[in-house]
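The block underneath contains the structure these notes are about, expressed in structure tokens.
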Amino acid sequence: MNILTILLGVLPATLIGWLLVRVVEGRTPVLLQIERIALGFVLGLTLTMFTAFVLNITGLIAFAAVGFAIADAVLLIPLIAILAWRRQPSLFRSAVPPPSPPLPPWVKGLAVILGIWIVAKIAAGAFILLATPAYFDDVYNNWNMRGKLFFETEALTLEIPAGNEGESAGGVSSYPPTVPMVKAMLSTIPGEWREGVVSGVHILWYIAILVLLYGSLRRRSNTAVALLGTYIFASLPLPLVHGSTAYADIFLAAHLLPAVAFLFHALSSDSVEECLTHMRLSALCTALLVFTKNEALVLHLPPLLLLVLISILWLRKQNALTGKQALTALAWYVVSIAMIAIPWIAFKFAHGLPFGNAKSISGLSIAWQEGVAYAIWINTFFEGNWNLLPPLLILLLIALRKEAFRTPLVILSAFFLIVYLGQMPLYFFTGISTEALKQTGYARGLVQLMPIAVLLTTLLLHEKAGKWTVSSG
Amino acid sequence: MLLLKSVIIGCAFLLPSSAFAMRTTVWDFTGGQIPGHWDMRGLTSAEPIAEGMHIATQKEGRLMHRNTSPYRMEAITLTLGPMETTEAAFLWHVRGTPEGVLVQLPLVIAGSSEDHEFNINATAYPQWDPYTDYFGIALPPGADITIRKIEAKRWSPPEKFLEAWKSFWTFDGFRPYSINFLWGPMIAFNPIARARVFLTQPPAGWSANRVIYALLAIPLVYVFVQVFRSRSWFGAKRDATRKRAITILACSIAGMWIFYDLRMGLEFLNYAYTDYSTYISAAPEERAFRERARFYNFVEEVRPHIAGRMSYIFMTQYRWPYLGSIRYMTFPILPTDPTQSLKGVDTWVIYDRPDITVGSGGVLLLDGVAQSKPGRMLLQYDPTSFVFRTNPVP
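Quick mapping for you: the protein sequence lines, in order, are chains X and F. Quick note on this note's numbering: the first sequence kicks off at 34 and runs consecutively. Quick note on this note's numbering: the second sequence kicks off at 707 and runs consecutively.
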């Protein structure tokens, strides 16, 4: 029953997202059908919640069933109108992936076995979400708590009664309210707060990442490679735990992956039209990324925008884009981000909400922090969090440095390394070191980056295998 | 190859069975005997009786052994008679250090009404000297224990290998830290360490990643050698050798990856299975959720008793995680502190507080001191957890 409620709840938003993606793709569809559904779900839900957020703070709707329905309608009607006005042909047309040789029987067999294995793990994760009570701190102190607060008050309430006469107005209230709003929205369907419903939705973001990874890889390679990448991500233990927990890092990752991956695809596109479509999709994902978690705004957005700028300049320099096309691409990013970021940042300033990860990043004193390097070393290489991905990725980045840094893959490599290495000074020299020493924030930051790391790893493996095949021939 | 295998297996059978067996040195105190040389210092009373060495001391003291055994000691097992929970310390001297300097490992020996064993996985401590010449236990004033026997254990290489394999497949539980990190497969080399591997933080064992990296280093080095050689030599044959080396490396990584995934995936499935068997499908009176045991069940039973109220007084031993959890679970009815009883909050939710009871006058007592007005018990969940409501003021 809870599963049906969740599916029913996300259906309108997924339809909105699907239509939005289709509008943005225009006459040059670049997505596979399944990928479009996954992206539609991710973007549609966030965009719908953003719309509800704007309508709520302007006093137009309450966080009740009618209010969320109005937010849906505000998006759905113009999208249908645009598609009708454009008379966009073949609404269901999808990209044609590159030809893929038939899989050898042993690969098929292995794919089936590993597929069953992945389904079993996802089923276990869904079971944990649907059937067990809130257990982890940020579930009952933040994500679910705020959702329940929104549901009970039908408003974007920032003051959380802390219990024992305490009040908490800052802290977790500084996070974008998207995930709690989704929970409040889902609760309006049964009309009551149900643990299974409000937590169960998280498994869908995990599944969406698997689908988006498959789509991204399939566009650049064959079915076997796409399946390999999907399997690699599904075999990472800590992301699976996060996918099965009502935390928001997988939710953020589901936005970050397409934002970065589409920029990579733009640079490796075969035509100008495809390049521009990928840029538009990337712009959309980047904009909505701002409305996921605080670190998206302060940690992910700056390097992503830097890479966008460099990419557009490079494409212009290569005469791959005309000046007008380059400006249009840039405008898509600027306008999309502004539409989401300005209301949200203005709201933050208006209510004095900090920009850090539940704690302010200003006013941190600088001093060397003992033990951080060891904690990071252990977490990265000697715990069960990441399977063997870190050493494999490092090995590939060294062995295939030319492919990693002198092809469009540089978008993935550079973004991953800038964000990963960029936060190291915070751990090594500020009080945020506790996030690494106590292993609280460091690994969660990596969870957000893991889909990109997997995409990069798989494509590097593909490059290597491709070269090998060519040289063998 | 077959011949080589046969020779190895044949040699294994020719070896004495003791080569594969755990070796135990036993000091048996039963029957009123004192095996070997034992020093008793500071103990008020240490008496060899039929059941073992009975020590009842009013002062801090030690029972120490001058060890002359040539065998390596990896774990110590104390077999004890019925006793109360006792804080003690395991002491040893590291050879080569000054005579009077002893390393001290604090212990809490849980009480029991029956004979029981207390195991010390000594090799988990870097300060441990497996050939120590002087070791024993220190007891605090008031200790009253009977030591049946003391055993020093060591395991043979095949036994250690088997234990390492078993510990690789020993799973951690779904715990509060699992959202931040997973310890992953651990390697312990004896059954005592394996039984406790995830009970200490950090776990008492090696990360299995060490072994995995070591195994993968072999094909990696082979690839480096082949790449190096193919640069100095040339020819299709050399290329083929290099490719074969890379294929071996790729297959090794792939195989190890799936193996690792199997290990961690099974641990994850075990989380779900454990939740199912101990919480979802368990009988109501036995439902326990992870390390928070009966708390969630308790809150479910509390709900009807606080319905319709704005707040309730909540008291427990530990603020984390119970205050945040109950706040979320009962929201919008909020937990509050005992001072609010003066403002008319009449319902007290007490969880796991043995020091809070209802006195004969029908008032809540904290260590015998009245905390509330008279009232009545609404729910007695267990001896230390209940819901209490004060009577309305007439």
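Using N, Cα and C, we set each Cβ at its ideal position, and we do this for glycine too.
Would F/Ala-946 be called buried (16 or more neighbouring beta carbons within 10 Å of its own) or exposed? The residue you call residue 946 of chain F lines up with position 240 of the second sequence. So F/Ala-946 counts as exposed.
X/Val-212 classed as buried or exposed, judged by whether at least 16 other C-beta atoms fall within 10 angstroms: Here residue 212 of chain X refers to the residue found at position 179 of the first sequence. In this structure X/Val-212 is buried. Its beta-carbon is surrounded by 16 or more other beta-carbon atoms within 10 angstroms.
Reduced DSSP category for F/Asn-886 - H, G, I as helix; E, B as strand; rest coil: The count along the second sequence starts at 1 and reaches residue 886 of chain F at position 180. Looking at F/Asn-886 - three-state DSSP - the assignment turns out to be coil, as it is neither helix nor strand.
Contact list for F/Trp-963 against chain X, beta-carbon separation under 7 Å: To locate residue 963 of chain F, count along the second sequence from 1; it is residue 257. Within 7 Å Cβ-Cβ: Ser-268, Asn-420 and Leu-421.
Would you please state the rounded distance, in angstroms, between the beta carbons of X/Ile-409 and X/Ala-469? I believe it to be under 8 Å. The count along the first sequence starts at 1 and reaches residue 409 of chain X at position 376. The count along the first sequence starts at 1 and reaches residue 469 of chain X at position 436. About 6 Å separates the two Cβ atoms, so the contact holds.
Where F/Glu-869 and F/Ile-782 are concerned, what is the direct C-alpha to C-alpha distance, given to the nearest angstrom? Taking the second sequence and counting its residues from 1, one reaches residue 869 of chain F at position 163. Taking the second sequence and counting its residues from 1, one reaches residue 782 of chain F at position 76. So the two alpha carbons sit approximately 17 Å from each other.
Tell me where the beta strand (DSSP E) around F/Thr-730 begins and ends. Start at 1 with the first residue of the second sequence, and residue 730 of chain F comes out as number 24. Counting along the chain, the unbroken beta strand (DSSP E) around F/Thr-730 starts and ends at 729 to 734.
Would you kindly work out how many angstroms separate the C-alpha atoms of X/Ser-369 and X/Ala-432, rounded to a whole number? On the first sequence, position 336 is the one that residue 369 of chain X refers to. On the first sequence, position 399 is the one that residue 432 of chain X refers to. Looking at the two C-alpha atoms, the distance is approximately 38 Å.
What does a CB cutoff of less than 7 Å around F/Ala-718 pick up in its chain, not counting 5 residues either side in sequence? Numbered from its first residue, the second sequence carries residue 718 of chain F at position 12. Annotation note: pLDDT 48 at F/Ala-718 (below 50); position unreliable, coordinate value reported separately. So the list is empty, once near-sequence residues are dropped.
CB-CB under 8 Å to X/Lys-154, same chain, minus the five flanking residues each way: which ones, in chain order? Counting from one through the first sequence, the residue named residue 154 of chain X turns up at place 121. Within the same chain, X/Lys-154 has close Cβ partners Ala-267 and Leu-273.
State yes or no: is the beta carbon of F/Pro-1103 nearer than 8 Å to at least one beta carbon in chain X? One cannot answer for residue 1103 of chain F here, as it falls past the ends of chain F, which runs 707 to 1100.
Would you mind stating whether X/Leu-482 and X/Val-452 have Cβ atoms separated by less than 8 Å? In the first sequence, residue 482 of chain X corresponds to position 449, counting from 1. In the first sequence, residue 452 of chain X corresponds to position 419, counting from 1. Yes, Cβ-Cβ distance for X/Leu-482 and X/Val-452 is below 8 Å.
Under 8 Å between the Cβ atoms of F/Ala-762 and F/Ala-830? What you label residue 762 of chain F is simply residue 56 of the second sequence in a count that begins at 1. What you label residue 830 of chain F is simply residue 124 of the second sequence in a count that begins at 1. Contact flag unset, no.
Using C-beta distances below 6 Å, list every residue in its chain close to X/Gly-404, excluding the 5 sequence neighbours before and after it, in chain order. Against the first sequence, residue 404 of chain X aligns to sequence position 371. Hits under 6 Å: Leu-470.
Given a limit of 9 Å on CB to CB distance, which residues of the stretch 168 to 188 of chain X reach chain F? Tyr-168, Phe-169, Asp-170, Asp-171, Val-172, Tyr-173, Asn-174, Asn-177, Met-178, Lys-181, Leu-182, Glu-185 and Thr-186
Give the list of continuous alpha helix (DSSP H) stretches no shorter than 4 residues that lie fully inside the stretch 896 to 953 of chain F. 897 to 901 and 914 to 938
What does a CB cutoff of less than 8 Å around F/Ser-1091 pick up in its chain, not counting 5 residues either side in sequence? As a first step, residue 1091 of chain F must be located in the second sequence, where it is residue number 385. Closer than 8 Å at Cβ, skipping near neighbours: Arg-1000, Phe-1004, Ile-1056, Tyr-1057, Asp-1058 and Arg-1059.
Check whether the Cβ of F/Tyr-966 lies closer than 8 Å to any Cβ atom in chain X. One-based indexing of the second sequence puts residue 966 of chain F at position 260. Output row for F/Tyr-966: interface = yes.
Give the interface partners of X/Leu-243 over in chain F, defined as CB-CB distance under 9 Å, in chain order. What you label residue 243 of chain X is simply residue 210 of the first sequence in a count that begins at 1. Residues of chain F passing the Cβ test: none, with the nearest at roughly 14 Å.
So what's F/Glu-753 in DSSP terms, helix, strand or just coil? In the second sequence, the residue the question calls residue 753 of chain F occupies position 47. In the structure shown, F/Glu-753 sits in a strand (DSSP, three-state: E or B).
Can you tell me whether F/Arg-1033 is buried or exposed? The criterion is at least 16 other CB atoms within 10 Å of its CB, across all chains shown. Stepping through the second sequence from its first residue, residue 1033 of chain F is reached at position 327. Counting Cβ neighbours within 10 Å, F/Arg-1033 comes out buried, since at least 16 surround it.
Please report how far the alpha carbon of X/Leu-93 lies from the alpha carbon of X/Thr-319, in whole angstroms. Counting from one through the first sequence, the residue named residue 93 of chain X turns up at place 60. Counting from one through the first sequence, the residue named residue 319 of chain X turns up at place 286. So the two alpha carbons sit approximately 27 Å from each other.
Is there contact between the stretch 1033 to 1042 of chain F and the stretch 1006 to 1020 of chain F, where contact requires at least three CB pairs shorter than 8 Å? yes
DSSP-derived helix/strand/coil call for F/Asp-850: Walking along the second sequence from the start, residue 850 of chain F turns up at place 144. Three-state result, F/Asp-850: strand.
As assigned by DSSP and simplified to three states, the class of F/Leu-1040: Start at 1 with the first residue of the second sequence, and residue 1040 of chain F comes out as number 334. Reduced to three states, the DSSP call for F/Leu-1040 is strand.
Mind listing the chain X neighbours of F/Leu-888? Cutoff is C-beta to C-beta under 8 Å, in chain order. In the second sequence, residue 888 of chain F corresponds to position 182, counting from 1. Ordered by position in chain X, the residues that pass the 8 Å Cβ test against F/Leu-888 are Pro-270, Leu-271, Val-274, Glu-416, Gly-417 and Asn-418.
Chain X contact for F/Pro-1038 (CB, 8 Å cutoff): Indexing the second sequence from 1 puts residue 1038 of chain F at position 332. Answer yes: the Cβ-Cβ gap between F/Pro-1038 and chain X drops below 8 Å somewhere.
Starting from the beta carbon of X/Thr-165, find every residue of chain F whose beta carbon is closer than 8 Å, and list them in chain order. The sequence position of residue 165 of chain X within the first sequence is 132, counting from 1. What X/Thr-165 touches in chain F: Asp-981, Tyr-985, Ile-986 and Phe-995.
Could you say which of X/Leu-489, X/Thr-467, X/Glu-192 and X/Leu-334 lies nearest to X/Gln-402 if we only look at CA atoms? Along the first sequence, one-based indexing puts residue 402 of chain X at 369. The residue with the shortest Cα to Cα distance from X/Gln-402 is X/Thr-467.
Assuming F/Ile-815 contacts F/Thr-852 (C-beta within less than 8 Å), just tell me the rounded distance between them. Here the question's residue 815 of chain F lines up with position 109 in the second sequence. Here the question's residue 852 of chain F lines up with position 146 in the second sequence. F/Ile-815 to F/Thr-852, Cβ: 12 Å. No contact.
Same chain, Cβ closer than 6 Å to X/Val-293, neighbours up to 5 away in sequence not counted: If you number the first sequence from 1, residue 293 of chain X lands on position 260. So the list reads Phe-448 and Ile-485, once near-sequence residues are dropped.
With a cut-off of 8 Å on the beta carbons, I'd call F/Met-789 and F/Asp-734 a contact; round off their distance for me. On the second sequence, position 83 is the one that residue 789 of chain F refers to. On the second sequence, position 28 is the one that residue 734 of chain F refers to. Actually they are not in contact, since the Cβ atoms of F/Met-789 and F/Asp-734 sit about 18 Å apart, beyond 8 Å.
Apply the 10 Å Cβ neighbour rule to F/Met-1021 and answer buried if 16 or more other Cβ atoms are within range, or exposed otherwise. As a working mapping, residue 1021 of chain F is identified with position 315 in the second sequence. Answer is buried; the Cβ neighbour count reaches 16.
To the nearest angstrom, how far is it from the Cα of F/Trp-834 to the Cα of F/Glu-823? Looking up residue 834 of chain F in the second sequence gives position 128. Looking up residue 823 of chain F in the second sequence gives position 117. Using only the alpha carbons, I get a separation of about 21 Å.
Can you grab the Cα-Cα spacing for the pair X/Phe-462 / X/Phe-382, in whole Å? Position 429 of the first sequence, counted from the start, is the residue given in the question as residue 462 of chain X. Position 349 of the first sequence, counted from the start, is the residue given in the question as residue 382 of chain X. When rounded, the distance between both Cα atoms is 28 Å.
Between which two residues does the alpha helix (DSSP H) holding F/Gly-842 run? Taking the first residue of the second sequence as position 1, residue 842 of chain F is located at position 136. Here F/Gly-842 belongs to no alpha helix (DSSP H); instead the beta strand (DSSP E) covers 840 to 845.
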